[in-house]
Each structure stands twice: as structure tokens, then as C-alpha cells.
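Asks: Positions 7 to 194 (my numbering) are the ones given, in order, by the sequence shown.
We treat Cβ as the ideally placed atom computed from N, Cα and C, and that holds for glycine.
This one's a predicted model, so the numbers in the text were calculated from it and none came from an experiment.
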Amino acid sequence: MKPIVTLGLGLAAMIAAPVMTMAPSIAQAQTPAAVTGSYRLGAGDKIRLITYGEESLSGDFEVSGAGTIALPLIGEIKAMGLTPSELQASISNALRGGYLKDPRVSVEVSTYRPFYILGEVNKPGEYPYANGLTVMNAVAMANGFTYRANTRKVIVRHGEEASDKEYPLNSSLPVAPGDTIRIKERLF
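(1) Would you be able to state if there are at least three C-beta pairs under 8 angstroms between the region 118–128 and the region 46–66?
(2) At which residue ranges does the region 117–153 contain complete alpha helix (DSSP H) runs of 4 or more residues, listed in the order of the chain?
(3) Alpha carbons only, please: which of Ala-72, Thr-57, Glu-61 is nearest the one belonging to Gly-48?
(4) Where do the N-terminal and C-terminal ends of the beta strand (DSSP E) with Leu-77 fall, by residue?
(5) By Cβ distance below 8 angstroms, which residues in the same chain neighbour Pro-90 in space, the five residues on each side in sequence not counted?
(6) When DSSP labels each residue in this structure, what does Leu-55 get in the three-state scheme?
(7) How about Ala-85 and Val-111: do their beta carbons lie closer than 8 angstroms?
(8) For Ile-161 and Lys-190, what's the separation of their Cα atoms in angstroms?
(9) Would you say the beta carbon of Arg-110 is closer than 7 angstroms to some non-hydrogen atom of the ligand GDP?
(10) Please report the distance separating the alpha-carbon of Tyr-3 from that of Gln-94.
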């Protein structure tokens with residue numbers, strides 16, 4: 007019985023050692039902008055607009071593929087690339103330009119655009135974003151890894167960035183709205 011226990015402890019130590027050395031490089035991954043005030047709107051985000059005293063100008067609106075939202079009276083207004091507070095100021099200015107004397111407007115993100123997970127997971131696809139989401143949570147949403155998955159590294163393309171970044175797979179690696187996560191196949 008003792009040799010089996012010793013073998014098990016030895017295998018556990020060999021598996022844990024590489025994981026422990028990966029942890030410091032996770033600092034390169036930043037907190038998602040969705041959690042901070044610098045979040046930039048993109049196609050697929052849904053916003054809640056409240057125009058105080060004007061219920062007909064309030065409601066939920068989705069940022070279109072062209073990066074705009076269609077509002078009553080104003081029409082199409084650019085939203086993509088703006089923070090919610092920048093969009094709020096833009097809408098206030100548009101309403102002030104001939105529609106309302108002193109518009110009081112509030113804009114908040116009601117639903118973030120989805121993230122995508124591809125590669126060696128059991129159910130690749132599009133999933134809804136929630137604050138505090140990590141890559142490991144995303145893998146769990148996709149029904150876990152396939153038996154071929156490389157469980158040490160992950161490739162992430164953040165939002166509208168043009169290039170992918172490779173990170174050590176870690177339970178604290180954050181996911182942001184619009185991210186594309188790719189789990190590669192392991193090499194034998």
C-alpha cells in the first residue's frame with residue numbers, strides 16, 4: 007500500500023510544479039474594463055437610457071453592428087467606442103440641440119456583449135458575459151475541456167484588438183465582453 011501512496015504523491019508534485027511557476031505572469035492580464043469606468047461600448051451591448059421626465063425618450067437600446075443606436079427624435083447616434091458617460095453627454099447634447107431645454111440623461115450598460123470560446127472545449131460558442139468572469143468560469147460554461155485540450159495555456163483576443171495574446175491558464179485570468187478565448191490542442 008505504501009508504494010501506491012508514494013507514487014500518487016510524486017505524481018501530484020510533478021503536476022503541481024509547472025502550475026506554481028506560471029502564476030506570476032498572470033499579472034500581465036488586466037482587470038476587464040467592464041468592471042472599471044473605462045468600459046467602451048461595442049456592437050451587441052445593450053444600454054438602458056433614462057431621460058428624466060420624458061418616458062417616451064427612455065428605454066433599452068442595442069448597439070448595432072454599425073456601432074450606432076437608434077433613438078426617438080434624434081435618430082442614429084454613434085455609440086461604439088464611447089464610454090457610457092461619453093454616450094450620455096452625446097445624447098444630452100443632441101437633445102439640447104432643439105428638443106429639450108435642459109435634458110437630464112442617464113446611460114448604463116444593461117447587458118454586455120457576449121464572449122466567445124473556441125477550440126478544445128466540449129461546447130464551443132457564444133456565451134453571455136457577467137462581471138467577474140474568468141477563463142476557468144468560461145471553460146466551465148462550455149462544459150469543460152476535451153481530452154485533447156492544452157490545460158496549461160490559453161489564447162485570448164481582447165475585444166476589438168487585432169492580435170491574440172497567450173497566457174498561462176489560471177483560475178484568475180479575467181474575461182471581458184467581446185473577448186475570444188481559444189483553447190489549443192495539447193502536443194504529446
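Replies: According to the structure data:
(1) yes
(2) 141–147
(3) Ala-72
(4) 74–77
(5) Tyr-45, Leu-47, Ile-53, Val-113, Glu-114, Val-115
(6) strand
(7) no
(8) 8 angstroms
(9) With respect to the ligand GDP, the structure offers nothing, as it holds no ligand at all.
(10) Coverage of the chain is limited to positions 7 through 194, which leaves residue 3 absent and any answer about it impossible.
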